[in-house]
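In what follows, a single structure is set out as structure tokens and then discussed.
Numbering (our numbering), first residue to last: 117 to 286.
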């Protein structure tokens, strides 16, 4: 399995109440496999994606990537995992509003270590792939919701991740 969860539970404290967002979830996804997770609002879909993406840690259980547990990773190693192994498309896109579409994609490439002309060319290529080469100089506020989502897709693909996680990808 490329990505796997074993008996993952995630509990959040909400005041004096405990909210169990995930309870004993075990899944396995092989390389090249496409998986859709569906459920009602509040059923833990986003929580699971955040755990798989290394943005949060389970209360109990284990998450593995390429048969290696994420639990012992240092902050630096976890950042490397997020940068190179996982691309995330967030429900609200999380684009930087003061940056253009091209700059948002180039920023992800900069974090991935790509510099100069190759970074600019890769960003242009990605925006072309999602049909936005003519909108590269526009800020998120000047783009439609669908265009913002496509910028988020280009950014998620920037560093050629092995796993792409999309939250509410419609």
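C-beta atoms are modelled at their ideal positions from N, C-alpha and C, and glycine is treated no differently.
Spatial neighbours of residue 163 in its chain, beta-carbon cut-off 6 Å, leaving aside the 5 residues before and after: 126, 137 and 138
Alpha helix (DSSP H) runs contained entirely in the stretch 213 to 275, provided each spans 4 or more residues: 217 to 227, 232 to 245 and 261 to 273
Enumerate in chain order the residues of its own chain whose CB-to-CB distance from residue 220 is below 7 Å, with the five nearest sequence positions on each side excluded. 211, 212, 267 and 271
Expected contact under 8 Å - CB spacing of residue 168 and residue 281 to nearest Å: 6 Å
Short of 7 Å in beta carbon distance, which residues of its chain neighbour residue 216, apart from the five on each side in sequence? Order them along the chain. 252, 253, 254 and 255
Buried or exposed for residue 124, going by 16 or more other Cβ atoms inside 10 Å? buried
Which residue from 244, 147, 172 and 247 puts its Cα closest to that of residue 194? 172
Terminal residues of the alpha helix (DSSP H) in which residue 171 lies: Taken as a continuous stretch (DSSP letters only), residue 171 belongs to no alpha helix (DSSP H), as it is neither H nor E.
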